[in-house]
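Comments concern the structure below.
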Amino acid sequence: MPASYHIPPSPQKHTLLEDLQGLSIGLITTSIGLTFLTQLGFITGQTAGLALIISYLTHLSFSWVFWGINIPFYIVAWFYMGPEFTIKSAISVTILSILMAVVPGLMPFSELNPWFGTVAFGVLTGFGLLGTFRHKSSLGGLGVLALMAQEYLNIRAGYVQLGFDAILFSVAFFLFDPHVVMFSLLGAVILNGVIAFNHRRDRYIAD
29 MPASYHIPPS PQKHTLLEDL QGLSIGLITT SIGLTFLTQL GFITGQTAGL ALIISYLTHL
89 SFSWVFWGIN IPFYIVAWFY MGPEFTIKSA ISVTILSILM AVVPGLMPFS ELNPWFGTVA
149 FGVLTGFGLL GTFRHKSSLG GLGVLALMAQ EYLNIRAGYV QLGFDAILFS VAFFLFDPHV
209 VMFSLLGAVI LNGVIAFNHR RDRYIAD
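The numbering of the sequence shown is the working numbering, which starts it at 29 and goes up by one.
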């Protein structure tokens with residue numbers, strides 16, 4: 029008797045409602061994670077980390093800096109990732125920028141343990157980003173390049189982002205206290221670990 033073969037189900041596109049709920053949950057979760065980070069005065073990697081560094085050094089609003097930095101990446105995303113991905117990413121970045129102007133005021137901390145805050149940031153933001161990735165979106169910037177590497181070079185997005193983070197944190201050591209950078213680095217490792225172990229195209233078939 030011939031051996032049976034597993035036939036994988038055909039990928040099915042997410043419906044509009046599924047995209048709305050998935051992206052909404054992902055963005056809210058991400059904003060809560062980033063709030064833990066900003067309340068501690070820590071940084072992270074990728075475009076958000078660059079925006080935080082600029083925000084801390086210039087005292088400009090993180091929301092505006094993050095939104096502005098992402099604009100050039102939309103051009104790249106349009107040609108390499110397609111209009112749907114680019115439009116969703118632009119909307120996601122805009123919504124997250126708005127959330128980051130509101131959520132920190134709704135979550136005031138009189139005292140926050142840096143170990144707990146760092147872990148909470150990494151886990152919450154990691155799963156928030158997964159939500160955006162799985163609904164054909166991103167939070168722009170270096171995340172776009174990471175997803176391109178996974179799409180065309182078969183390199184996991186989380187590992188690509190770790191490479192970008194290494195450069196950013198090397199510069200951060202010259203700008204911030206060592207304990208700030210070390211806690212921030214731990215948070216980035218947790219975040220990227222969540223993405224690397226959970227964002228795999230061979231296990232997730234829905235588009």
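The beta carbon of each residue, even a glycine, is placed where N, CA and C say it ideally should be.
Spatial neighbours of residue i within its chain, please: CB distance less than 6 Å, with the 5 preceding and 5 following residues excluded, ordered by chain position.
i, result
"T146", "F211, L214, G215"
What's the gap between the Cα of residue i and the Cα of residue j?
i, j, result
"R170", "A148", "Rather than Arg, the amino acid found at residue 170 in this sequence is Leu. When rounded, the distance between both Cα atoms is 22 Å."
"G133", "I126", "12 Å"
"P6", "L181", "In the structure displayed, the chain extends from 29 to 235; residue 6 sits before or after that span and is not available."
"Q67", "Y84", "12 Å"
"I218", "E139", "22 Å"
"G168", "A185", "13 Å"
"P136", "L175", "34 Å"
"I123", "F197", "27 Å"
"I115", "V208", "35 Å"
"V130", "I60", "10 Å"
"G77", "Q178", "21 Å"
"W92", "I183", "31 Å"
"I119", "I53", "14 Å"
Would you mind reading off the limits of the alpha helix (DSSP H) that contains residue i?
i, result
"P111", "111-134"
"I82", "74-86"
"L214", "206-226"
For residue i, tell me which candidate among the options has the shortest Cα-Cα distance.
i, options, result
"F143", "S59, F70, A200", "For the sequence presented, residue 143 should be read as Trp rather than Phe. Closest option to W143, Cα to Cα, is F70."
"T75", "M109, A129, I123, V172", "V172"
"F90", "L80, N98, G168", "L80"
"L157", "L65, F64, E46, N226", "N226"
Can you list, in chain order, the residues of its chain with a C-beta nearer than 8 Å to that of residue i? Leave out the 5 residues immediately preceding and following it.
i, result
"Y187", "N220, A224"
With 16 other CB atoms within 10 Å as the buried threshold, where does residue i fall?
i, result
"K164", "buried"
"K41", "exposed"
In chain order, what residues of the same chain lie with their CB nearer than 7 Å to the CB of residue i, ignoring the 5 residues before and after it?
i, result
"T153", "T58, G61, L62, L219"
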